[in-house]
Amino acid sequence: IHQSNSNATITVVVDSSVGQPAPSLGHDTVLTGSQDSRVYYTNNLFTWNPQAQGRLSAIGYSMDRWISLSGGNLVGWAATLVLEQNGSFYRYRLGLPAVLNTWRSATVSNLAQGDFDRITDLTSGTVDTASHPDFTGGEIRFGTVFGWNGGSAGQTVANRFDNFTVQLTYDA
Numbered sequence: 340i341h342q343s344n345s346n347a348t349i350t351v352v353v354d355s356s357v358g359q360p361a362p363s364l365g366h367d368t369v370l371t372g373s374q375d376s377r378v379y380y381t382n383n384l385f386t387w388n389p390q391a392q393g394r395l396s397a398i399g400y401s402m403d404r405w406i407s408l409s410g411g412n413l414v415g416w417a418a419t420l421v422l423e424q425n426g427s428f429y430r431y432r433l434g435l436p437a438v439l440n441t442w443r444s445a446t447v448s449n450l451a452q453g454d455f456d457r458i459t460d461l462t463s464g465t466v467d468t469a470s471h472p473d474f475t476g477g478e479i480r481f482g483t484v485f486g487w488n489g490g491s492a493g494q495t496v497a498n499r500f501d502n503f504t505v506q507l508t509y510d511a
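Written out as structure tokens, the structure is:
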């Protein structure tokens with residue numbers, strides 16, 4: 340887990356009260372000031388090495404997302420697939436309807452390396468749309484990210500995800 344801003348209190352949770360079905364994984368965040376922030380989840384055991392296992396030709400993913408918010412307004416959110424390769428983070432972001440306390444499902448297939456953009460600022464989520472992962476290169480770690488822009492002190496955000504799967508199409 341990588342937290343991009345230390346001005347928030349973040350607690351990672353396995354939540355037995357919500358899920359598709361319960362439990363779900365996520366985090367609770369209490370903001371300590373006006374800020375942008377992101378929490379990146381990648382798994383050391385959820386990897387693919389194109390050089391050893393085969394060149395990736397496409398990636399797909401699906402996940403269920405849920406969010407609760409107190410002390411602010413939800414403007415937008417997403418189901419985002421994150422790739423970590425050679426010290427850089429890349430993302431594909433699928434926007435979701437801004438609805439609180441409701442599970443939303445997202446499924447995306449046939450993503451090419453050009454569909455992922457390198458994240459240049461882990462706190463704001465700014466991306467370089469001309470920089471992409473290398474589907475023939477070094478090991479790729481998979482995950483997701485939760486983030487917000489312009490939160491205010493005292494605001495509490497509960498993010499959850501469930502049924503997260505990644506499908507890889509590769510050349511043997």
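Using our numbering, count along the sequence shown one by one with no gaps and you end on 511.
Ideal Cβ placement from N, Cα and C applies to all residues, glycine included.
A residue is called buried when at least 16 other Cβ atoms come within 10 angstroms of its Cβ; G493 does not meet this threshold and is exposed. If you compare the alpha carbons of L395, N502 and L507 with that of M402, the shortest gap goes to N502.
Here the stretch 348 to 356 makes no contact with the stretch 385 to 396; the two share fewer than three CB pairs at distances below 8 Å. Exclusion of the five residues before and after A497 leaves D367 and S407 as the residues of its chain whose Cβ lies within less than 6 Å of its Cβ. Cα atoms of A417 and G464: separation of roughly 12 Å, rounded to the nearest angstrom.
In the DSSP secondary-structure assignment, V352 is bridged to G365. Excluding its 5 nearest sequence neighbours in each direction, F485 has C-beta neighbours in its own chain below 6 Å: V378 and N498, listed in chain order.
DSSP places Q506 in the strand class (E or B) of the three-state scheme.
The beta-carbon separation of S448 and G411, rounded to 33 Å, does not stay under the 8 Å limit for a contact. Looking at the DSSP output, L370 shares a beta bridge with A347. Within the DSSP secondary-structure output, A437 pairs in no beta bridge. T495 places its beta carbon 9 Å or farther from that of V353.
If you draw a 10 Å sphere on the C-beta of F385, you find fewer than 16 other C-beta atoms in it, and that means exposed.
Of the residues W405, F481 and N383, the one whose Cα lies closest to the Cα of P436 is W405.
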